[in-house]
Structure formats: C-alpha cells, structure tokens
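Chemist: In numbering that gives the first Met the number 0, the protein residues as written are 0 to 288.
The beta carbon of each residue, even a glycine, is placed where N, CA and C say it ideally should be.
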Amino acid sequence: MDIAVPRESCRLPGISMAGFRQRVSAPVDIAMVAHPAVTLIVDLSQAGGIVYGTHGRGQRGSFVAGLLPGPLRTGGRQGECLQIRLSPVVSAAVLGAPTELTGTVAALEDVWGRDAGEVEDRLRAATSWDHRFRIAADILGRRLNARPPVDSEVAHVWRRMRTSRGQVRVDGLADEIGWSRKRLWSRFRSQLGITPKRAAQLVRFDHAGHLLAAGHTPASVAAQCGYVDQSHLHREVKAITGTTPTAVATAPWLAIDDRAWPAAPVEAIHTLARAPVPRALTAVGPRAS
C-alpha cells in the first residue's frame with residue numbers, strides 16, 4: 000500500500016489527512032481500530048472500490064465513522080482513498096452532528112449532504128496528492144469557519160485528555176475549568192457526543208493499542224497506561240474493540256499508523272473555542288505548535 004502525507008502548509012489544527020493507494024489485485028479486508036477522532040474515508044476510485052461494513056452489513060463508497068463505531072471493516076480491490084481524522088472538537092464544527100455520529104458509521108452523503116458528491120469529484124480529478132490535500136484543507140477550513148465552535152471549557156478538557164493520554168480524573172478537570180462535574184458531563188456529551196469518562200477511556204486505549212502494536216507486552220502496557228492490572232486492560236480493550244489485546248497488537252490498521260500519521264502535533268483546539276480559555280488554564284498542559 001502506498002501512503003501519502005500532506006505538507007505542513009496543508010495542515011489544520013485538529014485535522015489530520017493521509018492518502019492511500021492499494022496496489023493488490025485481490026480484495027483486502029481490514030478491521031479498523033477505534034481512534035479518538037471522527038474518521039472520513041473519501042473513496043477516490045472510479046467504480047466504488049471502497050467496501051465497508053459493520054454489524055454484518057456491507058456498503059460501498061465514501062463513509063464517516065464516528066467515535067466508537069463498533070466492529071468496522073473496510074477493504075475492496077485496487078483503488079485510492081483519502082482518510083481524514085477530525086478531533087471531536089473539530090468534528091462538532093465541521094460536521095455539526097457529533098451526538099448522532101457517536102457509535103455509528105454512515106455514508107458521507109448522509110452526513111455531508113449534496114456537497115459530498117462534488118467533493119469526491121474534485122478530489123478524484125486532482126492530478127496529485129498535494130493538490131488533493133490542498134483541496135481538502137480549503138473545504139474543511141471553510142466549513143470550520145462557518146459553524147460555531149464548542150465551548151472553550153469543553154475544548155480545554157478534550158485537550159487535557161489528549162495530552163495526559165487519558166490518565167486524568169474527570170472531577171479534577173471539572174475543578175480546573177470551574178464547572179461542576181454534572182455540568183461538565185452534560186456540556187461535554189451534548190457537544191462532542193460522548194461522555195468525559197468514555198472519551199478518556201478511548202484516548203487511553205489509543206495509547207495502549209499503539210504500545211501493543213509496537214511489541215510491548217500486555218502487562219507492561221497496562222502498567223504504562225494506568226490500568227489497574229492486565230485484566231483491566233483486557234476488559235477495556237474488549238469493550239472498545241470486541242477483541243483482545245493480542246489481536247489489537249497485530250491489527251493491520253495500527254501497523255501503518257506511524258507512516259500515515261507521522262509525529263502528529265497535539266491539536267491546537269484552543270483556537271476553536273467560543274471564548275478565550277480562562278487565564279488560569281493557559282498554563283495547564285503543553286500548548287500546540
């Protein structure tokens with residue numbers, strides 16, 4: 000599989016992109032691994048080469064996978080696709096339907112509307128991956144600027160979860176932003192489509208999954224990622240992926256992650272807030288570049 004990544008000039012905060020060209024003649028079938036982002040797969044093949052399925056139902060074409068989409072497989076024959084990862088904070092602004100997307104997989108047209116076909120045609124007609132990345136960045140940037148962003152406090156909590164790799168207490172985050180736990184739970188879920196606790200679990204699993212794929216033992220991963228023990232790691236991996244840590248360690252999707260998303264910086268999601276982050280919070284966690 001050939002992989003293309005965008006130049007620095009095409010990168011937007013909270014948005015990651017990678018291009019894929021499949022070079023095998025026989026159909027492939029790859030299980031996607033849950034990731035703390037909403038994922039857009041734009042099919043650039045000429046004849047609906049991308050096949051995706053969840054819960055035993057298969058469809059063709061471009062699609063959107065929300066947070067925690069359940070068992071999801073993708074594949075097909077030779078073809079090309081553009082994968083776009085949106086942080087939940089960005090997704091709320093770009094797609095405007097975070098709650099409805101959580102736990103689901105939907106056709107891109109169902110989420111993006113009539114513009115989906117035009118976007119596919121423009122990307123398909125581009126003569127290079129650099130051109131495709133510029134087109135996608137322009138489209139996403141305009142959608143991002145056209146919709147109201149999430150609360151600064153919600154954006155801050157998400158950033159803290161990412162920088163701590165999910166090892167942070169929700170009660171402590173509520174204290175940081177000056178909200179009650181109940182208010183944080185309500186606002187976070189209504190704007191990002193997932194509870195703070197579940198979001199932290201997903202971020203922690205993402206770190207654990209990459210360590211497993213890198214060859215670390217389940218016992219060492221459990222200790223590094225803040226799980227109580229190896230059994231705790233097993234239960235959470237099973238709940239998120241429906242499989243075991245051993246299976247996650249050999250997942251093809253994770254095997255290409257470092258090539259497709261090299262050293263991605265922490266999203267600068269503080270730039271997407273309705274109001275400035277409170278002064279007391281600006282020193283909490285590293286700032287994005």
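Is it buried or exposed for Thr101, if we count other Cβ within 10 angstroms and need 16 for buried?
Modeler: Buried is the label assigned to Thr101, since at least 16 other Cβ atoms lie within 10 Å of its Cβ.
Chemist: Please tell me whether Pro5 and Phe132 are closer than 7 Å, where the distance is taken between their beta carbons.
Modeler: yes
Chemist: Is the distance from the Cβ of Ile83 to the Cβ of Met0 below 7 Å?
Modeler: no
Chemist: Report the rounded CA-to-CA distance for Pro68 versus Pro35, giving the unit in angstroms.
Modeler: C-alpha separation (whole angstroms): 11 Å.
Chemist: Counting only the same chain and skipping the five closest in sequence on each side, list residues whose C-beta sits under 6 Å from that of Ala30.
Modeler: Contacts found: Arg72.
Chemist: Go ahead and pull the three-state DSSP assignment for Ala17.
Modeler: The answer is strand: DSSP assigns Ala17 an E or B state.
Chemist: Check whether the Cβ atoms of Thr11 and Gly116 lie closer than 7 Å to each other.
Modeler: Note that residue 11 is Leu in the sequence shown here, rather than Thr. No. Outside cutoff.
Chemist: Measure the CB-CB distance between Gly146 and Gly95 and report whether it falls below 7 Å.
Modeler: For the record, residue 146 in the displayed sequence is Arg; it is not Gly. Yes, they are a contact pair.
Chemist: Is it the case that the Cβ atoms of Arg319 and Val153 are separated by a distance below 7 Å?
Modeler: Outside the displayed span of the chain (0 to 288) sits residue 319, for which this structure offers no information.
Chemist: Counting Cβ pairs, one atom from each stretch, are 3 or more of them under 8 Å apart for the stretch 189 to 199 and the stretch 214 to 228?
Modeler: no
Chemist: Please go through the same chain and pick out, in chain order, the residues whose beta-carbon is closer than 8 Å to the beta-carbon of Arg180, but skip the five residues on each side of it.
Modeler: Counting only Cβ-Cβ distances below 8 Å, and skipping sequence neighbours, we find Val169, Asp170, Ala173.
Chemist: For Glu79, which beta-bridge partners are listed by DSSP?
Modeler: Arg20
Chemist: For Asp42, count the other beta carbons within 10 Å of its own beta carbon; 16 or more makes it buried, fewer makes it exposed. Which is it?
Modeler: buried
Chemist: Using 7 Å as the threshold, is the C-beta distance between Arg258 and Ile40 below it?
Modeler: no
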